[in-house]
Every structure is written in C-alpha cells, then in structure tokens.
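**Student:** For any residue, its number in the working numbering is found by taking its place in the sequence shown, counting from 1, and adding 255. My questions will all concern the structure given below.
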Amino acid sequence: APAARTRAVRATAQDASPRASGLALQLDDGTRKVHSVAENTQFVTGFFKGLGDAGSFSQLTASFFYVYEAMERALDESSNPTLDALDFPQLRRLPGLERDLDFYSPDWRATLKPSRATAKYVTRIEEVAASDTPELLVGHLYSRYLGDLFGGQMMSGMARKSLGAAVGDGKGGLAFYEFSDIADTRGFIDEWYTALNALDLDAATREAIVEEANVVFRLNIELFDELEGNPIKSVLALALGALKEKLFGGGDDDAE
C-alpha cells in the first residue's frame, strides 16, 4: 500500500507539471519522436567533436555567438507579445559569449567570421523574425535556451575535464554555460513552460513551432559537423578523468 501511494503521488506530481500538457508537451514529444537514430548519433558525435580540442571548442563558441546575437537581436527588435512572454532576461547568453570570445582571442571582433553552417543558421533566424509568423522563433528559444539550461553544466564540466585550463572557466571561456541568475533550475524551467502553455496560439501555429524546433536541431547538427575535433580523443579523455576520480578521489582540478 505505501508503494502504491508513492506511485500515485509521483503520478499526480507529474500530471501537475506544465511539461505534461499544452505546447510544452507538444514540443517535448514532437522533437523527441521525429529525430532518427542516425540524427541523434550525428548530434552526439558532433558534441564530442566540440570537446576534441580547444580550437574546436572555441569554434563552437564563436558559432553560438553569431546564433545568439541574431536571436537576441530579434527579441530586442520584436514587439510580438508571444516572443515578449518568453523573453526572460535570466536566459540571455550574449554577454557570457562575449566574455568567452575575449578569453580565446582578444581581437576576435576584428577577425572573427561566421562559418558556412553558422551563416545558414543565422539566416534562418533572421528570415523567421522578418516573416509574417515571427512566433516560430519560439521553436528557437525552446531548442536553444532550454537545451543550454538543461545541458550547460554538463557541457561545461565535460569541457573542463577533457580540455582543462585551455577552455577557461565561468568568468571567461565557459561563461556561456553559467546561469548565475537562475538559482532553481527546475523551478525556472517549470515557470518557462507555464508561460509557454499560456500563449494564445492556434493549432496550426503550434504545429509549425514544433517543426521549426526540429529545423533548429538539424541546423545544430550542421554546426557540429563543421568541427574538426577528434570525438574519440575527447571520449577517452573523459573516461580517463572519470577513472582517475574513482581510483584516487580527485576532483575537477585533478581531472584536468
């Protein structure tokens, strides 16, 4: 009986979550189901390529800078109530990315140019923002901001373990992954999903937003595909770091 009550409480809590209904559920389900095994494999391989060496990691940071510059500029210039409702200042990533690029190259503003895949991604954001349906940018906000919030600490920790001091820290080099204004990640995500579900959108627009989120997923694969890092090298470095911690009880500094 106690076990049954526990399961009932968990089920009730899950049902009460904003992720269990509305556009939040549509996006979670719609983006998870459409991705093929091959696409997910591409994404994971690309993710580890970004950890292959500091050059690839900084290249990925540069790509993110251009993507977020376009996305956050679109938010700043928008008067669309749908986008305004989801524009939480705690999520803005551009200041952190600028500090990261300062760490990698002090003169980056004069020398940096977007890669082919990055330019394609930026063009997509600009086209959607300028279209008759700028609400589709919700697919970009969902894919980027929530993905970074969910996985940011993991990515930052893996970068430190794989590449050490070459990728800096939360002050510069890895500032993009720091969400210092969000004390309760789970609570904040629930708040964002609640705002998402409260949007006054028709069924066709909601479906189009889900499809746009899948477009974003594929654009990110293309970003990763351009990286030249060695995914096997980064996986081995992380595995070695984990083994070292298990055997000798070392922390992050030891693993680096």
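Beta carbons: idealized from backbone N, C-alpha and C, even for Gly.
Evaluate the contact criterion for the region 290 to 309 versus the region 338 to 351: three or more CB pairs, one atom per stretch, below 8 Å.
**Tutor:** no
**Student:** Rounded to whole angstroms, what's the CA-CA distance from Glu433 to Leu456? Just pull it up for me.
**Tutor:** 32 Å
**Student:** At the level of alpha carbons, what is the spacing between Arg274 and Asp283?
**Tutor:** 8 Å
**Student:** Which ranges would you report for the beta strand (DSSP E) in the region 390 to 439 if only whole runs of at least 3 residues count?
**Tutor:** none
**Student:** Does the distance from the CB of Phe431 to the CB of Leu367 come in under 8 Å?
**Tutor:** Inclusion of Phe431 and Leu367 in the CB contact set at 8 Å is not warranted, their separation being larger than that value.
**Student:** So what does DSSP say about Lys368, is it helix, strand or coil?
**Tutor:** coil
**Student:** CB Pro389 to CB Asn475, shorter than 8 Å?
**Tutor:** no
**Student:** Should Ser435 go down as buried or exposed, given a rule of 16 or more other Cβ atoms within 10 Å for buried?
**Tutor:** exposed
**Student:** Would you identify the three-state DSSP class for Leu482, choosing helix, strand or coil?
**Tutor:** DSSP places Leu482 outside both helix and strand once states are collapsed to three, so it counts as coil.
**Student:** Three-state secondary structure (DSSP) at Ser311?
**Tutor:** helix
**Student:** Could you tell me if Asp362 is buried or exposed, where buried requires 16 or more neighbouring beta carbons within 10 angstroms of its beta carbon?
**Tutor:** exposed
**Student:** When the Cα of Ser360 is compared with those of Ala421, Leu346 and Val470, which residue comes out closest?
**Tutor:** Ala421
**Student:** What's the gap between the Cα of Ala463 and the Cα of Gly428?
**Tutor:** 35 Å
**Student:** Quick check on Ala453: does DSSP put it in helix, strand or coil?
**Tutor:** coil
**Student:** Which residues mark the beginning and the end of the alpha helix (DSSP H) in which Gly345 is found?
**Tutor:** Reading the sequence as shown, one finds Gln at residue 345 and not Gly. That residue, Gln345, is in no alpha helix (DSSP H); it is neither H nor E in DSSP.
**Student:** Can you tell me whether Asp355 is buried or exposed? The criterion is at least 16 other CB atoms within 10 Å of its CB, across all chains shown.
**Tutor:** buried
**Student:** Quick check on the DSSP output: the alpha helix (DSSP H) that includes Leu306 runs from which residue to which?
**Tutor:** No alpha helix (DSSP H) holds Leu306; DSSP gives it neither H nor E.
**Student:** Alpha carbon to alpha carbon, what distance is there between Asp387 and Met413?
**Tutor:** 40 Å
**Student:** As a quick exercise: from Phe303, Ala385 and Pro350, pick the residue whose alpha carbon is nearest that of Leu315.
**Tutor:** It is Phe303.
**Student:** Determine the contact status of Glu477 and Ala372, defining contact as a CB-CB distance below 8 Å.
**Tutor:** yes
**Student:** Tell me, to the nearest whole angstrom, how far the beta carbon of Leu454 is from that of Leu278; I am working on the premise that it is less than 8 Å.
**Tutor:** Contact annotation, Leu454 with Leu278: C-beta distance approximately 7 Å; criterion of less than 8 Å satisfied.
**Student:** By the three-class DSSP mapping on this structure, what secondary structure does Asp387 have?
**Tutor:** coil
**Student:** Measuring CB to CB, does Arg348 end up less than 8 Å from Tyr323?
**Tutor:** yes
**Student:** Tell me the DSSP secondary structure of Ala275 in three-state form.
**Tutor:** helix
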